[in-house]
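Chains as they are written, first to last, in this note's numbering: chain P, 1037 to 1333; chain D, 119 to 277.
A short worksheet on the structure shown next.
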């Protein structure tokens, strides 16, 4: 099937092939070790990433054009319907917000009484998700913002319903983020009802998180809302993460088997919100993507 | 007709770019795990037909670009692709005279080794992924190889 070689004797002689392979393999191993131990290859990544960026744009374009076509061919009728629906929704949200302002003031007063530190609040901005697939071994997404837009490694992502994930690597114009459903992602959470703290692990499924470190007698019910605890400093506290969906208490086992459903629609999000906390350097090991945190008992 | 084909360095570059585009192209979640290893297959193809021009160095560079595009550990794909291309070059004379079925089976073996090396490196680095992520591409890659190689041959010998 393949071509007839012009001169077979010529084709075999590639100078020092074995040596070159050995050298390149050694180089790759050194690169991997260096990349794994300390994240100082960001400049290299950014330089090559800038070269890949046009290709990402090209791949993303058909999806973008499709979205634009769908948008522009929507009928006036359905737009009006959507408009009324959104208006009603906004009115309801604003009504809830009024109460929230009062609650916030009350909360601040109570915190003053307790002499507690103020909650961290930060900037929020919306980022789009590019229709580009990445790392097959991880649940990851590509955002259309990068270090040019002050995105930093470890920054938290939320959508309208809850926590989505965190930024893993920032490029110049794009960045890669890992979802909370990735099997190597661990997120410090607390039960909203009683402040019980634990860690939520990703399972590799978009609709399920594991809470493996809860004792059998833990005060937990199906339907409990889990929020970020803010321990570890990677995520701001108080954002909803998941709802407990299943509790199985096996008497012989030291821990209960608890499953939760993420509040955010992880495989349907088209846009996410990035949160800038007051101290950007406070990324931590608690919600890291290293395998160390996720040793199963 | 010589192995210095009518499709030059530019064509090789284009084929690798097309493979990279296919690799980062979004797919429905259900079939995402069955995306063939386009780039690896393209490199195997070029290693069989033009081993003097596109050798392990090319494979290594392409692997680094792939690592950046996919956000894997820098060097992971570079190492595996470089090694697979090395094995391919070692046996490229035999592979050239293989009938298509036998060649396809050989490529399947290569893809298996490729996935195993990725799995192995992931294991050392502590990255866990479901098994289908490794097996899916081997299955589809084997099915697609005959079509891909015939398509590329057609492009090379059009004139």
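Where a beta carbon is used, it is the ideal one built from N, C-alpha and C, also for glycine.
Apply the 10 Å Cβ neighbour rule to residue i and answer buried if 16 or more other Cβ atoms are within range, or exposed otherwise.
{"i": "residue 1119(P)", "result": "exposed"}
{"i": "residue 1197(P)", "result": "exposed"}
{"i": "residue 162(D)", "result": "buried"}
{"i": "residue 240(D)", "result": "buried"}
{"i": "residue 1326(P)", "result": "In this prediction, residue 1326(P) has a pLDDT of 40, which is less than 50 and means its spatial position is unreliable; what the coordinates show is noted afterwards. Residue 1326(P) comes out exposed."}
{"i": "residue 1108(P)", "result": "exposed"}
{"i": "residue 1052(P)", "result": "exposed"}
{"i": "residue 1212(P)", "result": "buried"}
{"i": "residue 145(D)", "result": "exposed"}
{"i": "residue 236(D)", "result": "buried"}
{"i": "residue 1172(P)", "result": "buried"}
{"i": "residue 1032(P)", "result": "In the structure as shown, chain P begins at 1037 and stops at 1333. Residue 1032(P) is therefore absent and cannot be evaluated."}
{"i": "residue 1297(P)", "result": "exposed"}
{"i": "residue 1329(P)", "result": "Any reading at residue 1329(P) must be qualified, since the residue scores a pLDDT of 39, below 50, and its modelled position is unreliable; the value itself is stated next. Buried."}
{"i": "residue 238(D)", "result": "exposed"}
Might you give, ordered along the chain, the residues of its own chain that have their beta carbon closer than 6 Å to the beta carbon of residue i, omitting 5 neighbours on each side?
{"i": "residue 1284(P)", "result": "1293"}
{"i": "residue 272(D)", "result": "none"}
{"i": "residue 1218(P)", "result": "1174, 1175 and 1238"}
{"i": "residue 148(D)", "result": "none"}
Does DSSP put residue i in a helix, a strand or coil?
{"i": "residue 1317(P)", "result": "Low local confidence applies: a pLDDT of 43 at residue 1317(P) is under 50, so the model's placement there is unreliable, with the coordinate-based value given in what follows. Coil at residue 1317(P), not helix or strand."}
{"i": "residue 1324(P)", "result": "Reliability of the predicted coordinates at residue 1324(P) is poor, the pLDDT of 43 falling under 50, and the value obtained from them is presented with this limitation in mind. Coil at residue 1324(P), not helix or strand."}
{"i": "residue 180(D)", "result": "helix"}
{"i": "residue 1101(P)", "result": "helix"}
{"i": "residue 126(D)", "result": "coil"}
{"i": "residue 1090(P)", "result": "helix"}
{"i": "residue 185(D)", "result": "helix"}
{"i": "residue 1240(P)", "result": "coil"}
{"i": "residue 1195(P)", "result": "coil"}
{"i": "residue 1257(P)", "result": "coil"}
{"i": "residue 1180(P)", "result": "coil"}
{"i": "residue 165(D)", "result": "helix"}
{"i": "residue 1189(P)", "result": "coil"}
{"i": "residue 1339(P)", "result": "In the structure as shown, chain P begins at 1037 and stops at 1333. Residue 1339(P) is therefore absent and cannot be evaluated."}
{"i": "residue 1201(P)", "result": "strand"}
Using only alpha-carbon positions, find the residue among the options that is nearest to residue i.
{"i": "residue 1226(P)", "options": "1250(P), 1060(P) and 1219(P)", "result": "1250(P)"}
{"i": "residue 275(D)", "options": "151(D), 175(D) and 167(D)", "result": "167(D)"}
{"i": "residue 132(D)", "options": "254(D), 215(D), 180(D) and 263(D)", "result": "180(D)"}
{"i": "residue 256(D)", "options": "230(D), 126(D), 207(D) and 196(D)", "result": "230(D)"}
{"i": "residue 265(D)", "options": "234(D), 218(D) and 251(D)", "result": "218(D)"}
{"i": "residue 153(D)", "options": "1313(P), 1114(P), 1170(P) and 1088(P)", "result": "1170(P)"}
{"i": "residue 1192(P)", "options": "1277(P), 1054(P), 1083(P) and 1304(P)", "result": "1277(P)"}
{"i": "residue 174(D)", "options": "199(D), 186(D) and 191(D)", "result": "199(D)"}
{"i": "residue 1077(P)", "options": "159(D), 182(D), 140(D) and 169(D)", "result": "182(D)"}
{"i": "residue 195(D)", "options": "215(D), 207(D) and 155(D)", "result": "155(D)"}
{"i": "residue 1258(P)", "options": "1235(P), 1301(P) and 1229(P)", "result": "1229(P)"}
For a cutoff of 7 Å on Cβ pairs, would you count residue i as touching chain A?
{"i": "residue 1208(P)", "result": "No chain A is present in this structure, whose protein chains are P and D."}
Excluding sequence positions up to five away, which residues of its chain have a Cβ less than 8 Å from the Cβ of residue i?
{"i": "residue 1256(P)", "result": "1227, 1232, 1250, 1280, 1283, 1292 and 1294"}
{"i": "residue 1318(P)", "result": "Confidence in residue 1318(P) is poor, its pLDDT being 42 and thus under 50, which makes the residue's placement unreliable; the coordinate value appears in the next sentence. 1269 and 1270, listed in sequence order."}
{"i": "residue 1307(P)", "result": "1162, 1163, 1164, 1165 and 1195"}
Excluding five sequence neighbours on each side, which residues of the same chain lie with their C-beta closer than 7 Å to the C-beta of residue i?
{"i": "residue 998(P)", "result": "Any property of residue 998(P) remains undetermined from this structure, which presents chain P solely from 1037 to 1333."}
{"i": "residue 1037(P)", "result": "Caution applies to residue 1037(P), whose pLDDT of 40 falls short of 50 and renders its modelled position unreliable; the value that the coordinates give is listed next. Hits under 7 Å: none found."}
{"i": "residue 1158(P)", "result": "1272, 1311, 1312, 1313 and 1314"}
{"i": "residue 1206(P)", "result": "1182, 1183, 1187, 1188 and 1189"}
Chain-ordered residues of the stretch 130-163 of chain D with a beta carbon less than 8 Å from chain P: Residues 135, 138, 139, 141, 142, 143, 144, 145, 147, 150, 151 and 153.
Residues within the stretch 187-214 of chain D neighbouring chain P, beta-carbon criterion of under 7 Å: Listed in sequence order: 187, 188, 189, 190, 191, 192, 193, 194, 196, 197, 200, 201, 204, 207, 211 and 214.
Where the stretch 1189-1223 of chain P meets chain D: residues whose CB sits under 7 Å from a CB there: Hits within the stretch, in order: 1204, 1205, 1212, 1219 and 1220.
Near-chain D residues of the stretch 1073-1103 of chain P (beta-carbon distance less than 8 Å), N- to C-terminal order: Look at the stretch 1073-1103 of chain P: the residues with a C-beta under 8 Å from a C-beta of chain D are 1077, 1080, 1081, 1084, 1085, 1087, 1088, 1091, 1092, 1094, 1095 and 1099.
Members of the stretch 223-236 of chain D near chain P, C-beta cut-off 7 Å: Residues of the stretch 223-236 of chain D with a C-beta less than 7 Å from any C-beta of chain P: none at all.
Residues, ordered as in the chain, of the stretch 163-179 of chain D that lie near chain P by beta-carbon distance below 8 Å: Considering only beta carbons, the part of the stretch 163-179 of chain D lying closer than 8 Å to chain P consists of 166, 167, 169, 170, 173, 174, 175 and 178, in chain order.
Residues from the stretch 241-266 of chain D in contact with chain P, defined by Cβ distance under 7 Å: Residues of the stretch 241-266 of chain D with a Cβ closer than 7 Å to any Cβ of chain P, in chain order: 243, 244, 245, 246, 247, 248 and 251.
Residues of the stretch 1173-1188 of chain P with Cβ closer than 8 Å to any Cβ of chain D, in chain order: Per Cβ criterion, the list reads 1173, 1174 and 1176.
Interface residues of the stretch 1293-1312 of chain P facing chain D [CB-CB below 7 Å]: Going along the stretch 1293-1312 of chain P in chain order, one finds 1303 with a Cβ nearer than 7 Å to chain D.
Contacting positions in the stretch 1240-1261 of chain P - beta carbon closer than 7 Å to chain D: Cβ contacts with chain D come from 1240.
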